[in-house]
Amino acid sequence: KIDEETFRRALKLTQKGLGQPAFFNDDINIPRVLANGCNDIREARDYAIEGCVEAQVPGKTDFRPVAGFINILKVLELTMHNGLDPKTGRQFGPKTGSMEEMDSMGKFMKAYKEQLAYIIDYHLQAYGICSALHSQICPTVFASTLVDGCIEKGRILQKNGAKYSSTGTFISGVANAADSLAAIDQVVFRQKLLTLPQLTDILDHNYEDHEEWHQMLLNKYVHFGNDEDLVDDYCRQVVTFCAEENRAHQDSRFGQYELILLNQTYNIWQGRVVGATPDGRKDGEPLANNASPSNGMDRNGPTAVGNSIGKMDTVMVPKGVLVNHKFDPAVAKGEKGLEMLEAFVKGYCEAGGQHVQINVVDTKTLRNAQEHPEQYKNLMVRVAGYSAFFVELDPRVQENIIGRTEHTSCC
Numbered sequence: 001k002i003d004e005e006t007f008r009r010a011l012k013l014t015q016k017g018l019g020q021p022a023f024f025n026d027d028i029n030i031p032r033v034l035a036n037g038c039n040d041i042r043e044a045r046d047y048a049i050e051g052c053v054e055a056q057v058p059g060k061t062d063f064r065p066v067a068g069f070i071n072i073l074k075v076l077e078l079t080m081h082n083g084l085d086p087k088t089g090r091q092f093g094p095k096t097g098s099m100e101e102m103d104s105m106g107k108f109m110k111a112y113k114e115q116l117a118y119i120i121d122y123h124l125q126a127y128g129i130c131s132a133l134h135s136q137i138c139p140t141v142f143a144s145t146l147v148d149g150c151i152e153k154g155r156i157l158q159k160n161g162a163k164y165s166s167t168g169t170f171i172s173g174v175a176n177a178a179d180s181l182a183a184i185d186q187v188v189f190r191q192k193l194l195t196l197p198q199l200t201d202i203l204d205h206n207y208e209d210h211e212e213w214h215q216m217l218l219n220k221y222v223h224f225g226n227d228e229d230l231v232d233d234y235c236r237q238v239v240t241f242c243a244e245e246n247r248a249h250q251d252s253r254f255g256q257y258e259l260i261l262l263n264q265t266y267n268i269w270q271g272r273v274v275g276a277t278p279d280g281r282k283d284g285e286p287l288a289n290n291a292s293p294s295n296g297m298d299r300n301g302p303t304a305v306g307n308s309i310g311k312m313d314t315v316m317v318p319k320g321v322l323v324n325h326k327f328d329p330a331v332a333k334g335e336k337g338l339e340m341l342e343a344f345v346k347g348y349c350e351a352g353g354q355h356v357q358i359n360v361v362d363t364k365t366l367r368n369a370q371e372h373p374e375q376y377k378n379l380m381v382r383v384a385g386y387s388a389f390f391v392e393l394d395p396r397v398q399e400n401i402i403g404r405t406e407h408t409s410c411c
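The sequence shown begins at 1 in the working numbering and counts up one residue at a time.
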């Protein structure tokens, strides 16, 4: 129920290609804040965004936004090698069974969830030790005087002084993991075109001498972001499982760990430690950015992306679901373009999206900026939960932004 004039002004800024502002959905954020321990609807309605997309009660919350980034596509790779990291030869995860033993999708999913649970527990225990030491080594005395509850309790923030305390954990490679699980389901168990050992061997050799399988996995089988129930359901399963595993742990202040679907630009570097995967991604290529589909894989338009996102139980991800969209300036210009952007944002929120941010820029402009940076010093793009000057970004980040699907309509 935002004021229409305010909404239109915000859309006009987006239309200009500034990458600002981001759009947030009250219908998702308010229930999320309530689900995260807030017991006052008035406080929940007065939420503010901390970090990139994380909804908090301002002045009453001690939120630690970054407990770290868990690479769930790497965990899938561990699953396909019985807990062994093929990049290092190290037995990093538990032994959950060889691929010869996996005679059903149910068994494979069980093994994958066991690996995820182990990695999440390992990660949060390590973070818990570090964060407990913070209160001794670097007590936040001044900050504690500015947050409700600390003075009344006589406790600093790091010792549960605030009214609300929680810690955010990130998972990366969500779309890749969903695409990979759907591919395994279809190729191995439904159509029986390959066995799991055969598929694993193809991936271990980075699709060498199997380009036909590389192309089929990229182009024939379903991918997240296209409103396809099979892959969208795998996304929902994985996200919900990770959220529940996080909530089963308490941080050093007895607060909850809460899930965030966000990876900033770490998707590029995280991709470098993961070999080829069943979604058609090759060894070392970037993971999908944030909660968005893999670059170029959302082929049914932005409305389909919103529908896929909406199928998640987004209240189970109380700290945010960051989604990037890129529109061609030709379709976003003028009054018709403004109406298109308005219809898209409203439709996205109605589908259940929590957050969306939009770049209105074409690939040709970005390529020209790479070649002639001196002419594009003011070109602003939306990266993750922030905007930046395109020419100042790392070339690998530039390529990742260019690779995002460029939509030419809203549906």
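Glycine included, C-beta positions come from ideal geometry on N, C-alpha and C.
Cβ-based neighbour list, residue i, same chain, cut-off 6 Å, excluding 5 preceding and 5 following
i, result
"I28", "T314 and Q354"
"M312", "R236 and V239"
"F23", "V345 and V356"
"S252", "G128, S131 and A132"
"Q270", "N71, S172 and L287"
"A44", "I30, V33, L34 and C38"
"N359", "G19, K326, V381 and R382"
"G403", "N295"
"H249", "L124 and Y257"
"H134", "Q158"
"M105", "D185 and F189"
"G93", "L78, G83, Q115 and Y118"
Residues near residue i by beta carbon distance below 8 Å, same chain, minus five either side
i, result
"C150", "S144, I156, L157, G161 and A162"
"L146", "G59"
"S387", "L18, G19, Q20, M380 and V381"
"Y47", "N29, I30, V33, A55, Q56, V57 and P58"
"L230", "A182, D185, Q186 and V222"
Nearest-angstrom Cβ-Cβ length linking residue i and residue j, presumed shorter than 8 Å
i, j, result
"S294", "D179", "6 Å"
"V317", "A243", "6 Å"
"A10", "L76", "Incorrect: roughly 38 Å between the Cβ atoms, too far for contact."
"L262", "F170", "5 Å"
"A343", "V323", "About 17 Å; that fails the 8 Å criterion."
"L199", "P278", "6 Å"
Distance between residue j and residue i (C-alpha atoms, nearest Å)
i, j, result
"G280", "M80", "15 Å"
"H254", "G334", "Here residue 254 is Phe; the residue named in the question, His, does not match the sequence. One C-alpha to the other measures close to 52 Å."
"D298", "G97", "33 Å"
"Q398", "F390", "7 Å"
"V187", "L193", "6 Å"
"D283", "H210", "14 Å"
"P395", "E101", "43 Å"
"M216", "G306", "25 Å"
"K153", "Y118", "36 Å"
"R8", "C52", "22 Å"
"L13", "L341", "11 Å"
"K110", "D85", "19 Å"
"K95", "D148", "47 Å"
"G347", "T303", "7 Å"
"A369", "Q264", "22 Å"
"N82", "T6", "54 Å"
"I137", "E245", "29 Å"
"E339", "K220", "34 Å"
"P197", "Q125", "33 Å"
"I268", "N400", "8 Å"
"D103", "S165", "44 Å"
"D40", "K377", "46 Å"
"A241", "R190", "With the sequence shown as reference, residue 241 is identified as Phe, and Ala is not the correct amino acid for it. Near 24 Å, if we compare the C-alpha coordinates of R190 and F241."
"A276", "G68", "24 Å"
"N289", "F224", "13 Å"
"R42", "L116", "37 Å"
"T61", "K16", "35 Å"
"E374", "R247", "48 Å"
"E50", "D233", "29 Å"
"K1", "V361", "29 Å"
Own chain partners of residue i with C-beta closer than 7 Å, once the 5 adjacent residues on each side are dropped
i, result
"G310", "A351, G352 and G353"
"V273", "K74 and K87"
"E54", "F63, P65, G168, I260, K319 and G320"
"D227", "N300, A304, N307 and S308"
"Q91", "G83 and L84"
"V141", "I156"
"W213", "I202 and Y207"
Residue i: CB within 8 Å of a non-hydrogen atom of the ligand MG
i, result
"P21", "In the structure on display, the ligand MG does not appear, and there are no ligands present to speak of."
Ignoring anything shorter than 4 residues, give me the alpha helix (DSSP H) runs that lie fully in the segment 316-404, in order along the chain.
DSSP runs (the alpha helix (DSSP H)) wholly in the segment 316-404: 329-332, 334-351, 363-371 and 395-402.
Is there contact here, the segment 32-40 with the segment 191-203, by at least three beta-carbon pairs under 8 Å?
These segments do not touch.
Whole beta strand (DSSP E) elements within the segment 60-147, 3-residue minimum:
Counting only runs of 3 or more, we get 61-64 and 69-71.
Could you tell me whether the segment 360-374 touches the segment 317-332, where touching means 3 or more Cβ pairs closer than 8 Å?
Flag = yes, the segment 360-374 and the segment 317-332 touch.
Would you check if the segment 13-23 and the segment 365-385 touch, i.e. whether three or more CB-CB distances between them fall below 8 Å?
The segment 365-385 is in contact with the segment 13-23.
Complete alpha helix (DSSP H) runs within the segment 195-232 (minimum length 4 residues, chain order):
With a minimum length of 4 residues, the continuous alpha helix (DSSP H) runs that stay inside the segment 195-232 are 196-204 and 211-219.
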